[in-house]
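Going by this note's numbering, the residue at position 196 of the sequence shown is 221; the numbering climbs one at a time, nothing skipped.
Worksheet for the structure shown next.
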Amino acid sequence: MTRPFRGAAAASLLLFCLPILCSLAFSSPAKAAINRRMMLIGTTGKLTGTVIDARTKEPLAGASVVIEGTRLGARADADGNYTILNIQPGTYRVRVSYIGYQAATLSNVGIRADYTERADFTLNIQDVQTTEVVVTAERPIVIKDQTSSVAVVTADEIRALPVENFDQVVQIQAGVVGGRFRGGRANEVAYLVDGISVQDVFDGSKGGANTVEPAQIQELQVITGAFNAEYGQALSGVVN
């Protein structure tokens, strides 16, 4: 006899609480956000368009589109399309920028309430000029992992020497006597220009190294002793 009474009481309680729950749900921040959107419907406009390369006509994905004087803007998608919503009616300046391209500005862009306006942009590549960067490094006095003896002669030192060719510069280095490196044969020396071998392939002589003028040498390296395996076809020394 009590079951119908309990069911009726539960139904009555649910009907009583339902309006209260609905009121609490729609009084949350979500309700305020919905109300703001509803207020903007019919009172604001929309701006859309595309951003492409002026030469290739390819879309510029990620281009920044900003309405000057406002906090409104957008970025172009993979197809170069952009859309800016909730723009108050009026006349604006729209600016588009993209890395490596010259920025473009479009004036007198009119926005009407409840209308979609269109503004397309084509950007030109802009050359970026930078200042000269000079990198200076000092060679350590003692190179711990170097097993060979290396003598380095700079261009200033060569100009100060009373020599007529680079061979005379090599002759005055330690370990070189009469064109022989540490007692080895003359054809046991590798001659390189900028790391490329120029010695004669038949007799192992200096070959093209004889044509190098001392004034053209920026740096001369004379390597003797146990030089690295990177220098092939050499037993006595290397001239680079």
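Just so you know, even glycine gets a beta-carbon here, dropped at the ideal spot from N, CA and C.
Nothing here was measured: the structure is a model prediction, and the numbers come from that model.
Counting only unbroken stretches of 4 or more residues, the alpha helix (DSSP H) elements lying wholly within the region 137-202 are 180-185 and 191-196, in sequence order. Apart from the 5 residues on each side of it in sequence, Ala79 sits with its Cβ closer than 7 Å to the Cβ of Thr147, Leu148 and Asn149 in its chain, given in chain order. Residue state for Pro239 is assigned as helix, using DSSP reduced to three classes. With a beta-carbon spacing of about 5 Å, Thr75 and Gly105 fall inside the 8 Å limit used to define contacts. Nearest neighbour of Thr68 by Cα position, chosen from Ile112, Gly98, Thr108 and Pro84, turns out to be Ile112. DSSP lists Val90 as the beta-bridge partner residues of Ala99. One thing to note: Ile136 has its Cβ no nearer than 8 Å to the Cβ of Tyr107. Close CB contacts of Val91 within its chain, under the 6 Å cut and outside five residues either way in sequence, are with Gly98 and Arg120 (chain order). Under the three-state reduction of DSSP, Glu213 is assigned to helix.
A distance of 8 Å or more separates the beta carbons of Gly115 and Arg100. Rounded to whole angstroms, the gap between the alpha carbons of Val175 and Glu238 is 21 Å. Its chain contains Leu217 and Gln246 as the residues whose beta carbon lies nearer than 6 Å to that of Asn265, once the 5 sequence neighbours on both sides are disregarded; these appear in chain order. Ala144 places its beta carbon less than 8 Å from that of Leu72. Close CB contacts of Ser132 within its chain, under the 7 Å cut and outside five residues either way in sequence, are with Arg118 (chain order).
Here Ile124 carries a coil assignment [DSSP, helix/strand/coil]. Closest by C-alpha distance to Tyr123, out of Asp102, Glu182 and Gly220, is Asp102. Judged by beta-carbon spacing, Arg207 lies within the 8 Å limit of Thr249, meaning their Cβ atoms are closer than that value. Between the alpha carbons of Ser261 and Gly220 lies a distance of about 17 Å. Under the DSSP assignment, Gln246 falls in the beta strand (DSSP E) whose first and last residues are Glu244 to Gly250.
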